[in-house]
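Student: Quick one: the structure is below, questions incoming.
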Amino acid sequence: MSAQSGLYRCEAEFAAALLDADNPYPTGLVAWNGSDPAKRFAVYRNNVVSSLSDALADTFPVTRELVGGEFFRAMAHVFIAKTPPRSPVLAEYGDEFPAFIKGFTPAEGVPYLADVAHLEKLYLNAYHAADALPLDDSAFQAALVRTHALHNARVRLHPSMGILRSSHAVFSLWAAHQGVLDLGTVDPSRAEDVLVIRPHWDVLVLPLRPGAGRFIESLFSGLSFGGSNLAATAEQTEFDLVATLADMIRAGVAVAFDFDEENPTCPHHPPSK
Amino acid sequence: MNPSSFAEANPAGVPPSFRCLPAGAGVGLKPEHYAAVLATRPRLAFFEIHAENYLGAGGPPHRYLSRIREDYPLSVHGVGLSIGSEEGIDEVHLDRLAGLLLRYQPESFSEHLAWSTHGGAFFNDLLPLPYTQETLDRVCAHIDLIQDRLQRRMLLENPSTYVEFAQSSLSEPEFISAVLKRTGCGLLLDVNNAFVSCTNHHRDPHAYLDALPLSRVGEIHLAGFFEDSDADGALLLIDAHGSAVASAVWDLYAYVLARTGPVATLIEWDNDIPAFGRLVEEAGRADACLAAAVAVA
């Protein structure tokens, strides 16, 4: 369509002025009483910026608490102007917010802020992710006893699952803000790995044992069960496979084991066209 | 687009284009109220959802909605199709909407006479467009596309606006009437928006309503506004959806019902959301107006 059309010009001017208050308000706006249209246009600018900033505050409540409402709002405004939503589905907005926070100089004094935001986005993603039935205890155990085949087996993980491996105490900080941990006892500089998952109704946020994050991430990347165990052990000599598997069963992390001899052509992944 | 071309039948045997919401009062479904709805099963004519809040793959929103939909008629109200946009309709978003409508088979689907996207960005607000021959052609083409893809007649909602455009050559009722005539879509008459816009542009709301094709109203919206002022101190109403319906809007609602007869009516309360009981109470007030309209008819 013609980029010179009146409608295009009108919307382009309008859009540019919505996100950047330094841009002039669009030409051609009128008010019945001849009043300055800038004040009326400001209603739209305010609607856009405050509704998106509210959406971010809903998605990132702990991030907001950590820096206070005023700071959060100012930070959100900079982010919104730079990275407005690309879709009308606001539950999908904010994937880039943690990385933005990491580079946001005024937030340097809170080095763990970006990771807390990342955890909160994983939470929202898990909330809206596809439903799937996790393997129950007996099905999981039945897979584990096939010791010969287990080494090469692939584990399919729950679609809601996310893992965050942080050099900060991201789980403890998050938990303290849920009121389940005393913030005074948290050492923010302690590294923590976190699992976020929604096996049924509720989203679970669980701290991971040393090496468990690497183990589950390796499984997720498609590495075999045995290969993932090796990778985790190589990273953390104290990696406890048995305890980690028990945690995984309780959290509903696995939805299926694929054994090579059953699925030589891997029917769960149809050949690409 | 001829509405009779939506011939495809649904499993219930009634073409979606001819189903409609019952002529009673409904409320917007809010996550804050999921539990209260299931616990109290209030007498409401329908629930309305914002489509964009139910486009995730799974999770609690779908589980609650599925349960509630079993017992209540449903209206799906889109806020992101950007029908007035020069850039065209986002086909990916339209496909996701089509999937949602297929899944829940709502009695009604509606969207706004507004735009909300430009240059790939979504602004999360209903932005105004000039009313010209060019924008009329664009809006009609978009509604044709949407109705074809969704295989149903949609309702188009009149907007709340804060500015007007020097280039407009049609009045808002003229524009809306032309869109309805050309596309076959119905009208979602937001009485609060009518009051807000007429106040903001110094027009007579009764004349505004009289100029609309009221026989095509498939649903009415009622909501609360917020009072502000423009640069010269004139009253400027903001469509805030954060309070009870104003008495002037109730009066205008009665004026509409006297002309349309009973029509499905939604109480919109999206910000500072009250306890569920308060929302049901507000819907009860709309029901009383609807009953009065039946008595008159």
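Residue numbers (the working numbering), protein chains in the order written: chain A, 2 to 274; chain B, 32 to 328.
For glycine and all other residues, C-beta sits at the position ideal for the given N, C-alpha and C.
S139 of chain B to G111 of chain B, Cα distance in whole Å?
Tutor: 16 Å
Student: Of the residues A:D132, A:G110, A:I81 and A:D194, which one's Cα is nearest the Cα of V49 of chain A?
Tutor: Ranking A:D132, A:G110, A:I81 and A:D194 by Cα distance to V49 of chain A puts A:I81 first.
Student: For I114 of chain B, name the three-state secondary structure that DSSP assigns.
Tutor: coil
Student: Near A58 of chain A, which residues of its chain fall below 6 Å by C-beta distance, leaving aside the five closest residues on each side in sequence?
Tutor: Once the five neighbours on either side are set aside, the close Cβ partners of A58 of chain A are R65.
Student: Any beta carbon of chain A sitting closer than 8 Å to that of Y193 of chain B?
Tutor: yes
Student: Tell me the rounded alpha-carbon separation between C11 of chain A and H149 of chain B.
Tutor: Rounded to the nearest whole angstrom, the C-alpha separation of C11 of chain A and H149 of chain B is 11 Å.
Student: Report yes or no: do three or more beta-carbon pairs, one from the region 167-176 of chain A and one from the region 113-125 of chain A, lie closer than 8 Å?
Tutor: yes
Student: So, are the CB atoms of L187 of chain B and V210 of chain B less than 8 Å apart?
Tutor: yes
Student: Helix, strand or coil for L160 of chain B per DSSP?
Tutor: coil
Student: Looking at the unbroken beta strand (DSSP E) that takes in F78 of chain B, where does it start and where does it end?
Tutor: F77 to H81
Student: Ignoring anything shorter than 3 residues or poking outside the region 218-298 of chain B, list the beta strand (DSSP E) runs there in chain order.
Tutor: 248-253, 257-260, 266-269 and 296-298
Student: Can you pull the chain A residues whose beta carbon is under 9 Å from the beta carbon of I177 of chain B, in chain order?
Tutor: Residues of chain A passing the Cβ test: none, with the nearest at roughly 14 Å.
Student: Among A:E218, A:A108 and A:W202, which one has its Cα closest to the Cα of L209 of chain A?
Tutor: A:E218
Student: Using 8 Å for Cβ pairs, my map puts E193 of chain A next to A170 of chain A. What's the rounded Cβ distance?
Tutor: 5 Å
Student: Drop a sphere of 10 angstroms on the beta-carbon of K245 of chain A, count the other beta-carbons inside from all chains shown, and report buried for 16 or more, exposed for fewer.
Tutor: Inspection of the sequence shows that residue 245 of chain A is occupied by Thr rather than by Lys. Buried.
Student: Suppose contacts are defined by Cβ-Cβ distances below 8 Å. Is I304 of chain B in contact with L253 of chain B by that definition?
Tutor: no
Student: Is the distance from the Cβ of L220 of chain A to the Cβ of L151 of chain A below 8 Å?
Tutor: no
Student: So if I threshold CB-CB distances at 9 Å, which residues from the region 134-161 of chain B count as touching chain A?
Tutor: W146, S147, T148, H149, G150, G151, A152, F153, F154, N155, D156, L157, L158, P159, L160 and P161
Student: Do the CB positions of Y239 of chain B and F206 of chain B come within less than 8 Å of each other?
Tutor: no
Student: Determine the chain A residues that contact F196 of chain B at a beta-carbon separation under 8 Å, and present them in chain order.
Tutor: C11, G29, L30 and V31
Student: Compute the beta-carbon to beta-carbon distance between A225 of chain B and G255 of chain B, rounded to the nearest angstrom, for a pair I have assumed lies under 8 Å.
Tutor: Going by Cβ atoms, the distance from A225 of chain B to G255 of chain B rounds to 14 Å, so no, they are not a contact pair.
Student: Hey, how far is the Cα of P107 of chain A from the Cα of L123 of chain A?
Tutor: 24 Å
Student: Please confirm if the region 84-91 of chain A is in contact with the region 76-92 of chain B, defined as three or more CB-CB distances below 8 Å between the two stretches.
Tutor: Taking a cut-off of 8 Å for Cβ pairs, the region 84-91 of chain A and the region 76-92 of chain B touch, as three or more such pairs fall below it.
Student: Run through chain A and tell me which residues come within less than 9 Å of E258 of chain B, C-beta to C-beta.
Tutor: Residues of chain A passing the Cβ test: none, with the nearest at roughly 12 Å.
Student: One question on the structure: do Y193 of chain B and Y26 of chain A come within less than 8 Å of each other, judged by their Cβ atoms?
Tutor: Contact flag unset, no.
Student: Are the region 27-44 of chain A and the region 254-270 of chain B touching by the rule of at least three beta carbon pairs closer than 8 Å?
Tutor: yes
Student: In the DSSP assignment, find the unbroken beta strand (DSSP E) run with I164 of chain A in it and report its ends.
Tutor: G163 to S167
Student: For V280 of chain B, collect the residues of the same chain with a Cβ closer than 7 Å to its Cβ; drop the 5 residues on either side in sequence, then sort them by chain order.
Tutor: V222, N223, F226 and L253
Student: Under the assumption that L283 of chain B contacts C320 of chain B (Cβ atoms under 8 Å), give the Cβ distance between them as a whole number of angstroms.
Tutor: Wrong, their Cβ atoms sit about 11 Å apart, outside the cutoff.
Student: Buried or exposed: which applies to H119 of chain A, given that a residue is buried once 16 or more other Cβ atoms fall within 10 Å of its Cβ?
Tutor: buried
Student: Looking at the structure shown, is P305 of chain B part of a helix, part of a strand, or coil, going by DSSP?
Tutor: coil
Student: Using alpha carbons as the reference points, say which of A:N126, A:D261 and A:L145 lies closest to D96 of chain A.
Tutor: A:N126
Student: Helix, strand or coil for I198 of chain A per DSSP?
Tutor: Shown here, I198 of chain A sits in a strand according to DSSP, grouped into three states.
Student: Is the shortest distance between the beta-carbon of P91 of chain B and the beta-carbons of chain A less than 8 Å?
Tutor: yes
Student: Could you check the C-alpha separation between G29 of chain A and R41 of chain A for me, to the nearest Å?
Tutor: 13 Å
Student: Evaluate S228 of chain B with the Cβ neighbour count: other Cβ atoms within 10 Å of its Cβ, from every protein chain shown; 16 or more gives buried, anything less gives exposed.
Tutor: buried
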